[in-house]
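J.: Residue numbering for the sequence shown is 78 to 354, as defined by the working numbering. Just so you know, even glycine gets a beta-carbon here, dropped at the ideal spot from N, CA and C. The structure is given below, and queries will be raised subsequently.
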Amino acid sequence: MEVRITVLAENSVVVPFDVIGEHGFAAFVETPEFNFLFDTGQGKALINNAIALKKDLSSIKFLYLSHGHYDHTGGMVDLLKIKSPLKVYTHKDAFSKRFWFKGGIKKYIGIPFDKKYLESLGAEFVYEKEFREIEKGIFSSGEVERKTDFEKIDAEMKVEKENGELVQDQIWDDFSLAIDTSKGLIVILGCAHAGIVNILNHFINKTGRKEIYAVIGGTHLGFANDEQINATLEVIEKYNIQKLGASHCTGLTVSAKLYNKLKDRFFFAGVGSVLEV
């Protein structure tokens, strides 16, 4: 076994035992040398599902946060009660005051905890910006350049400036991980706010690898039109991607479209799903 990725938090479940689903994402990653956690979901499912799936959260070496939204960070307090101190890789913008603003409704969607409070519990934040190999064969995307014209940031996502003004949130802290394996790269996505095509091209260019074996996580294609979906499928073929484990913000309708095109190369990465090389 080179790497095993088990989904601990996701909108739905794919195993018939004591796990629960929630809107969010978290994945437990095992390697021969160490384990780590990618995101924490909203916090209602993480501990329960880790116990049910027999994944020891106290064994993790670090937490990697894909971005500062509540549905990827809400489990941090419960996690820190199990593992502390804990190194947490993220971006300096992760603690921005973030809102979903539409039709006169303003909903807070940022990290639900104060940074100092998390630090008092043992969180040791490591702020990243550039592409970097954070462990041997494990690459943090850093900020992903937005090059495609069909992958857009949601207009409803706003960030509050110091003067209280709400402006478009570019979500520069949208991070992903790539793990180098004998079969090619495995890319783990949180929500892919930067655009899944931008992210995949970014890892290919930065790592020098020509193929991506697998992609797992939130693709943000649930908000995409046919042009974006078709362009994404072209890139999946270009990089000879053999496994696409779509979840969270992909949505059921788009997941059905992806399955129809990819057949056995597609799987729905709900709670309990496993990707192993």
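Do I97 and L134 have their CB atoms nearer than 8 angstroms?
T.: Not closer than 8 angstroms, so no.
J.: Using alpha carbons as the reference points, say which of E107, N88 and V91 lies closest to M78.
T.: E107
J.: Short check: CB of F178 to CB of I188, under 8 angstroms?
T.: no
J.: Can G295 and L266 be called in contact, C-beta distance under 8 angstroms?
T.: yes
J.: Is the beta carbon of R81 less than 8 angstroms from the beta carbon of V351?
T.: yes
J.: Pull up the distance between the alpha-carbon of D155 and that of L198, whole angstroms please.
T.: 10 angstroms
J.: Helix, strand or coil for Q305? Go by DSSP, reduced to three states.
T.: Three-state result, Q305: helix.
J.: Less than 8 angstroms separating the beta-carbons of D251 and C268?
T.: yes
J.: Tell me which residue opens and which closes the beta strand (DSSP E) that I289 is part of.
T.: I289 to G295
J.: Measure the alpha-carbon distance for G285 versus D257 and round it to whole angstroms.
T.: 11 angstroms
J.: F102 and H325 look like a contact to me (Cβ under 8 angstroms); what is the Cβ gap, rounded to whole Å?
T.: Indeed they touch by this definition, with Cβ atoms about 5 angstroms apart.
J.: By DSSP's criteria, F280 is part of a beta bridge. Which residues make up the other side?
T.: Beta-bridge pairing links F280 to no other residue.
J.: Can you pull the DSSP bridge partners for L329?
T.: Looking at the DSSP assignment, L329 forms no beta bridge with any residue, so it has no partner.
J.: Buried or exposed: where does E87 fall if 16 or more other Cβ atoms within 10 Å of its Cβ makes it buried?
T.: buried
J.: Should the stretch 209 to 220 be called in touch with the stretch 273 to 292, which here means at least 3 C-beta pairs below 8 angstroms?
T.: yes
J.: Starting from the Cα of H149, find the closest Cα among K164, V312, K184 and G120 and give me that residue.
T.: G120
J.: Identify every run of the alpha helix (DSSP H) within the stretch 86 to 168, keeping only runs that are complete inside it and at least 4 residues long; order them along the chain.
T.: 123 to 129, 147 to 150 and 153 to 159
J.: How long is the line joining the alpha carbons of K287 and V264, rounded to whole angstroms?
T.: 13 angstroms
J.: Between I289 and L298, is the Cβ-Cβ spacing less than 8 angstroms?
T.: no
J.: Based on Cα-Cα distance, which residue from A291, I182 and Y141 lies nearest to K164?
T.: Comparing alpha carbon positions, the residue from A291, I182 and Y141 closest to K164 is Y141.
J.: Give me whichever residues DSSP pairs with W177 in a beta bridge.
T.: K184 and M234
J.: Does L195 pass the burial test, meaning 16 or more other C-beta atoms within 10 Å, or should it be called exposed?
T.: buried
J.: Between L157 and A200, which are expected to be in contact by the criterion C-beta below 8 angstroms, what is the C-beta distance as a whole number of angstroms?
T.: Between L157 and A200 the beta-carbon gap is near 6 angstroms, inside 8 angstroms, which marks them as a contact.
J.: If we ignore side chains and look at the alpha-carbon of each, how far apart do L277 and R223 end up?
T.: Their backbone Cα atoms lie some 12 angstroms apart in a straight line.
J.: In three-state terms, what does DSSP make of L352?
T.: Three-state DSSP puts L352 in a strand.
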